[in-house]
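Colleague: Submitted below is the structure of interest, expressed as structure tokens.
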Amino acid sequence: MVAVTYYCPQCGALAELERDAYLADKSVTPYPFEGWEYAGPDEDYEESDGVRFVCGEDGSAGLSFRPPKGEERETVGCGEPFYLSFVRFEGGEEVKPRPPDEYVEIGVDPRGPHGPSGPSGPGGR
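Residue numbering for the sequence shown follows the numbering used here, beginning at -18 and increasing consecutively.
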């Protein structure tokens, strides 16, 4: 077992996880990769694609949080989730991770669709 440290991408708090050294880290992100399965630090994450942390919640054996070096805080962590993704292979090729799709909600104008009124005056001006 080795102790490996990860930064929370939102607040910079440090998460230290004791785990087997053979696992290969891909990245730490504030979002899960699309199609990847994550387990909590107290679950059997070695069988998943990564670990889902909640910043500052260290109720799991082998997991602890501390403030970034040089900072002193009364409470550690922002409470936001972040994700450690392991290197993954399919058919002998490394899988390229994809961030989740982002959805944008477009507001509906109660006046209906509208745009430029068109040309006006001589020559369309």
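Even glycine gets a Cβ: it sits at the ideal position worked out from N, Cα and C. Every value quoted in this text rests on a predicted model; they were computed, and no experiment measured them.
1. K7 lies in the beta strand (DSSP E); which residues open and close that run?
2. Just to confirm the assignment, what range does the beta strand (DSSP E) spanning P62 have?
3. Whole-angstrom Cβ separation of F46 and A(-6), contact assumed at under 8 Å?
4. Compare the C-alpha of G20 against each of R33, Y3, F67, A42 and name the closest.
5. Using the rule of at least 16 other Cβ atoms within 10 Å of the residue's Cβ for burial, across every protein chain shown, is A(-4) buried or exposed?
6. Go to P33, then tell me how far its beta strand (DSSP E) extends in each direction, as first and last residue.
7. Quick check on G73: buried or exposed, where buried means 16 or more other Cβ atoms within 10 Å of its Cβ?
8. Measure from the alpha carbon of Y3 to the alpha carbon of each residue in Y(-13), E61, M(-18), then state which is nearest.
9. Closest by CA to E52, which one among C(-8), P62, Y(-13)?
10. Rank E(-1), V57, D30 by C-alpha distance to the C-alpha of F70 and give the top, closest one.
Modeller: So, from the listed chains and residues:
1. Position 26 of the sequence shown, counting from 1, holds the residue named residue 7. In the DSSP annotation of this structure, the continuous segment of the beta strand (DSSP E) that includes K7 starts and ends at 6 to 10.
2. Translated into the one-based positions of the sequence shown, residue 62 becomes position 81. Start and end: 62 to 67.
3. The residue labelled residue 46 in the question sits at position 65 within the sequence shown. The residue labelled residue -6 in the question sits at position 13 within the sequence shown. Going by Cβ atoms, the distance from F46 to A(-6) rounds to 5 Å, so yes, they are a contact pair.
4. In the sequence shown, the residue the question calls residue 20 occupies position 39. The residue you asked about is not Gly; residue 20 is Ala in the sequence shown. Residue R33 is the option with its Cα nearest to A20.
5. Taking the first residue of the sequence shown as 1, we reach residue -4 at position 15. Answer is buried; the Cβ neighbour count reaches 16.
6. The residue labelled residue 33 in the question sits at position 52 within the sequence shown. Note on identity: in this sequence residue 33 is Arg, with Pro being the wrong assignment. Looking at the DSSP string, the run of the beta strand (DSSP E) that includes R33 is 31 to 35.
7. As a working mapping, residue 73 is identified with position 92 in the sequence shown. Exposed.
8. Reading the sequence shown from its first residue, position 22 is the one you call residue 3. The residue among Y(-13), E61, M(-18) with its C-alpha nearest the C-alpha of Y3 is M(-18).
9. Reading the sequence shown from its first residue, position 71 is the one you call residue 52. The residue with the shortest Cα to Cα distance from E52 is C(-8).
10. Locating residue 70 in the sequence shown gives position 89, where the first residue counts as 1. For the residues E(-1), V57, D30, the minimum Cα distance to F70 belongs to D30.
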